[in-house]
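Below: one structure, written as structure tokens.
Number of protein chains: 2
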Amino acid sequence: MIASEKLRQFTQEVFVACGMPLVDAKLAADVLIEADLRGIDSHGVARLSGYVRLYEAGRANMHAAHKVIHETPSTATIDADGGLGLVVAPKAMDLAIAKAEQVGTGWVAIQNSNHFGIAAYHAMKALPKDMIGISMTNASPLVAPTFAKERMLGTNPICIAIPAGKERPFVLDMASSAAANGKLEIAQRLEKEIPLGFVQTKEGHASTNANELKNGGSLLPLGGHKGYGLAAAIDILSGVLSGANFGPWVPPFVSFLNPLPNLPGNGIGHFVGAMRIDAFRPASDFKTNMDLWIQRFKASERISAEQPVLIPGELEFNMHRQRSQEGIPLHPSVAEDLQSLAQKLSLNL
Amino acid sequence: MIASEKLRQFTQEVFVACGMPLVDAKLAADVLIEADLRGIDSHGVARLSGYVRLYEAGRANMHAAHKVIHETPSTATIDADGGLGLVVAPKAMDLAIAKAEQVGTGWVAIQNSNHFGIAAYHAMKALPKDMIGISMTNASPLVAPTFAKERMLGTNPICIAIPAGKERPFVLDMASSAAANGKLEIAQRLEKEIPLGFVQTKEGHASTNANELKNGGSLLPLGGHKGYGLAAAIDILSGVLSGANFGPWVPPFVSFLNPLPNLPGNGIGHFVGAMRIDAFRPASDFKTNMDLWIQRFKASERISAEQPVLIPGELEFNMHRQRSQEGIPLHPSVAEDLQSLAQKLSLNL
Chain A
30 MIASEKLRQF TQEVFVACGM PLVDAKLAAD VLIEADLRGI DSHGVARLSG
80 YVRLYEAGRA NMHAAHKVIH ETPSTATIDA DGGLGLVVAP KAMDLAIAKA
130 EQVGTGWVAI QNSNHFGIAA YHAMKALPKD MIGISMTNAS PLVAPTFAKE
180 RMLGTNPICI AIPAGKERPF VLDMASSAAA NGKLEIAQRL EKEIPLGFVQ
230 TKEGHASTNA NELKNGGSLL PLGGHKGYGL AAAIDILSGV LSGANFGPWV
280 PPFVSFLNPL PNLPGNGIGH FVGAMRIDAF RPASDFKTNM DLWIQRFKAS
330 ERISAEQPVL IPGELEFNMH RQRSQEGIPL HPSVAEDLQS LAQKLSLNL
Chain B
30 MIASEKLRQF TQEVFVACGM PLVDAKLAAD VLIEADLRGI DSHGVARLSG
80 YVRLYEAGRA NMHAAHKVIH ETPSTATIDA DGGLGLVVAP KAMDLAIAKA
130 EQVGTGWVAI QNSNHFGIAA YHAMKALPKD MIGISMTNAS PLVAPTFAKE
180 RMLGTNPICI AIPAGKERPF VLDMASSAAA NGKLEIAQRL EKEIPLGFVQ
230 TKEGHASTNA NELKNGGSLL PLGGHKGYGL AAAIDILSGV LSGANFGPWV
280 PPFVSFLNPL PNLPGNGIGH FVGAMRIDAF RPASDFKTNM DLWIQRFKAS
330 ERISAEQPVL IPGELEFNMH RQRSQEGIPL HPSVAEDLQS LAQKLSLNL
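First to last, the protein sequences are chains A and B.
Take any residue in the first sequence, note its place counting from 1, add 29, and you have its number in our numbering.
Take any residue in the second sequence, note its place counting from 1, add 29, and you have its number in our numbering.
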């Protein structure tokens with residue numbers, strides 16, 4: 030268990046040691062620590078050494094200066110200058126929010142970026158402004174389309190964050206694959222089988238083997254062909270609309286795999302948006318109804334008396350409160366990884 | 030088999046016989062016939078008598094005059110005056126397109142409406158304008174949230190239509206439930222079992238019985254809790270943001286069930302949007318990359334040589350071409366239903 034503030038300080042110092050300006054390092058660290066606080070362990074400091082390796086491989090620009098390369102009153106396209114999505118995505122969201130303040134909604138496509146951490150961080154920036162926030166990204170290909178045995182799509186997550194009144198906000202943050210890679214890794218560690226529908230073999234057969242991905246298999250889209258369509262739409266909005274890479278050309282997050290030759294775009298792509306509630310109806314009316322929505326859904330007749338019906342984001346809010354007080358538990362392999370990072374960069378943890 | 034033009038003429042006459050102005054009746058008929066042409070038989074003329082029964086029950090205003098009740102440069106909210114979604118949704122989409130022409134994107138929430146047919150009809154209006162179209166709606170509660178045994182959400186569909194260059198557009202049109210009710214009805218007719226994950230019993234147990242919904246059970250969301258989150262987000266954007274009803278309060282499509290008392294909103298709700306491609310990057314660059322996207326995905330390594338990988342919308346485009354030439358096959362029960370409608374309204378079919 031480690032206090033989140035200690036972990037935040039260390040994360041920030043790691044980015045600074047890689048040449049990132051302090052203001053950007055604070056932002057990147059905040060995105061990672063929020064993931065750990067929310068209980069999304071796979072997207073927090075567990076990835077820190079991965080970002081550093083991307084930098085060492087010359088594939089992440091730590092002093093990137095993003096540029097708006099196209100613009101209308103409600104839209105913009107940003108070239109992230111090869112920097113980290115952790116840094117550019119919150120800034121893109123700020124721009125979307127500023128446009129929404131002016132004309133009701135704002136939508137920003139980002140190209141030439143790298144992985145942006147948890148989608149929820151970016152979408153949730155809209156909440157204090159009484160706006161609905163949306164964020165999505167494409168990612169390294171691991172998921173096979175329906176009827177295919179080839180990895181063509183990332184686990185392409187989408188987040189939609191919706192403010193409420195007295196209740197906590199509705200925050201749906203989900204991968205468009207049946208399971209994210211993190212779930213498979215947990216099953217691998219425990220040497221357990223995984224449910225059918227998560228992965229297939231490299232020949233395209235159903236499998237319950239958590240190691241199938243290592244054997245050349247692929248992840249499966251959420252609920253079959255609909256999940257394929259959803260992942261594809263996220264890929265197109267994030268990749269094709271922004272001018273980033275898409276589909277099988279999305280550069281891999283892991284530094285030991287090289288991007289494919291003849292890439293059709295720049296880096297990986299994201300898409301974020303903000304919609305002012307009062308661009309549609311008075312925010313107070315909306316929030317009153319959102320509170321009613323949340324209360325009514327929590328009161329749905331339960332299958333089992335012990336298991337309440339959950340609102341998207343509820344578990345993460347609870348985890349955030351708990352870990353803010355008690356600290357963040359680090360898996361031994363992550364703790365070790367951070368220690369060797371500290372040693373390499375002459376930092377203390 | 031019946032020629033689509035004959036069916037279109039009849040459908041139009043039915044709406045006119047219910048007091049709908051001719052221009053609106055043409056539009057409503059077009060939405061239904063497009064569903065049949067695209068092979069979405071459950072959403073075409075099979076529903077015509079359902080709309081008539083809603084009118085007879087005083088729950089559909091056939092001479093509705095929709096009103097814009099809230100507006101910003103990129104958004105609007107429409108009160109559909111209790112009319113059919115078939116009529117108001119295309120008009121809302123026209124408004125979204127007009128706003129996108131002005132400021133890059135346009136987003137319209139609709140309240141006080143009724144069922145809008147296939148989502149694809151509305152979203153696809155954006156395609157000839159070189160825009161991405163989005164449409165969604167909430168619907169009568171049939172789907173249980175994860176851990177619940179109560180019907181709280183509709184099959185809430187979402188469509189995203191994306192233009193390409195030489196290739197046909199990408200058109201994802203999907204329910205957010207694991208299966209739409211139509212699939213269950215087909216299994217009922219054939220007295221076949223359905224896959225696990227489509228429905229649950231009224232106690233919330235897994236079931237393969239296609240009649241489970243009639244027994245008080247519920248549909249299940251796509252792929253479990255993620256599909257619940259997706260259906261919920263569609264419900265909130267369509268219902269809460271517009272000021273329509275939401276969740277279990279969405280008025281039933283079937284006229285023999287009455288809406289609940291003390292409704293929190295007006296009618297059912299939709300949400301549509303249009304994004305100009307060249308608000309993000311030149312449309313020709315985008316279309317070149319979309320063609321590449323489509324060609325590359327069609328060329329994905331197949332699991333079986335006989336089953337090609339499909340692009341969302343591909344089957345519907347093929348069906349549209351075939352049925353435009355050969356006519357629309359009507360299930361005997363639908364043909365009978367239309368004949369009794371003809372008799373009742375003194376029309377010829």
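Glycine included, every Cβ here is placed at the ideal spot set by N, Cα and C.
Remember, predicted model here, so these are calculated numbers, not experimental data.
- If you check each beta-carbon in the region 119-131 of chain B against every beta-carbon of chain A, the ones closer than 9 Å belong to K128, A129 and Q131.
- Within the same chain, Cβ atoms closer than 6 Å to the Cβ of B:S78 are found at D366 and L370, the five residues on either side in sequence being excluded.
- Secondary structure at B:Q336: coil, using DSSP grouped into helix, strand and coil.
- In the three-state reduction of the DSSP assignment, A:K96 falls in the strand class.
- When C-alpha distances from B:V200 are compared across B:P293, B:A89, B:P341 and B:L115, the shortest belongs to B:P341.
- Here A:F300 carries a strand assignment [DSSP, helix/strand/coil].
- Pairing A:W322 with B:V269 gives a Cβ-Cβ distance under 7 Å.
- The three-state reading of DSSP puts B:L115 in helix, counting H, G and I together.
- Rounded to the nearest angstrom, the Cβ distance from B:L115 to B:V60 is 5 Å, consistent with a contact under 8 Å.
- Every alpha helix (DSSP H) stretch that sits fully inside the region 209-283 of chain B and reaches 4 residues is listed by chain position as 210-218 and 254-264.
- In this structure, the CA atom of A:H299 is about 29 Å from the CA atom of A:G194.
- Within 9 Å of the CB of B:P337, the CB atoms of chain A belong to F176, in sequence order along the chain.
- When DSSP states are grouped into helix, strand and coil, B:R82 belongs to the helix group.
- Cβ proximity to chain A below 9 Å picks out P250, L251, G252, G253, H254, K255, G256, Y257, G258, L259, A261, A262, D264 and I265 from the region 250-265 of chain B.
- The beta carbon of A:M348 does not come within 7 Å of any beta carbon belonging to chain B, so the residue lies off that interface.
- DSSP places A:S369 inside the alpha helix (DSSP H), whose first and last residues are P361 to K373.
- Within a 10 Å sphere around the beta-carbon of B:H360 sit fewer than 16 other beta-carbons, which makes this residue exposed.
- Only residues of its own chain outside the window of five on either side were considered, and among them A64, I69 and H72 have a CB closer than 6 Å to the CB of B:I147, listed in chain order.
- Secondary structure of A:L201 (DSSP, three-state): strand.
- When rounded, the separation of the alpha-carbon atoms in B:R88 and B:G111 is 7 Å.
- Around the C-beta of B:H95, 16 or more other C-beta atoms lie within 10 Å, and the residue is accordingly described as buried.
- By alpha-carbon distance to B:D53, the top candidate from B:M348, B:A93 and B:T101 is B:A93.
- Under DSSP, B:P186 forms a beta bridge with B:A204.
- For the 7 Å CB-CB criterion, B:R325 and A:G276 form a contact.
- Rounded to the nearest whole angstrom, the CA to CA distance from A:M153 to A:T166 is 15 Å.
- Among the residues of chain B, those whose CB is under 7 Å from the CB of A:P341 are G258 and A261, following chain order.
- Of all alpha-carbon atoms in A:S33, A:Y80, A:V279 and A:A209, the one lying nearest the alpha-carbon of A:A46 is that of A:Y80.
- Using a Cβ-Cβ distance cut-off of 8 Å, the region 291-305 of chain B and the region 129-139 of chain B are in contact, since at least three pairs of beta carbons, one from each stretch, lie closer than that value.
- For B:K327, the closest alpha carbon among the candidates A:A86, A:P311 and A:A177 is that of A:A177.
- Here A:A57 is actually not in contact with B:G252; their C-beta atoms are around 32 Å apart, not less than 8 Å.
- Of all residues in the region 189-204 of chain B, only I189, I191, F199, L201 and M203 place a beta-carbon less than 7 Å from a beta-carbon of chain A.
- Burial state of B:E355 is exposed, judged by a 10 Å Cβ sphere holding fewer than 16 other Cβ atoms.
- Among the bridge pairs identified by DSSP, A:R331 is matched with B:A177.
- Using a CB distance cut-off of 7 Å, B:S103 counts as an interface residue toward chain A.
- Close partners of A:H99 in chain B (Cβ separation under 9 Å): D307, A308, F309, R310 and P311.
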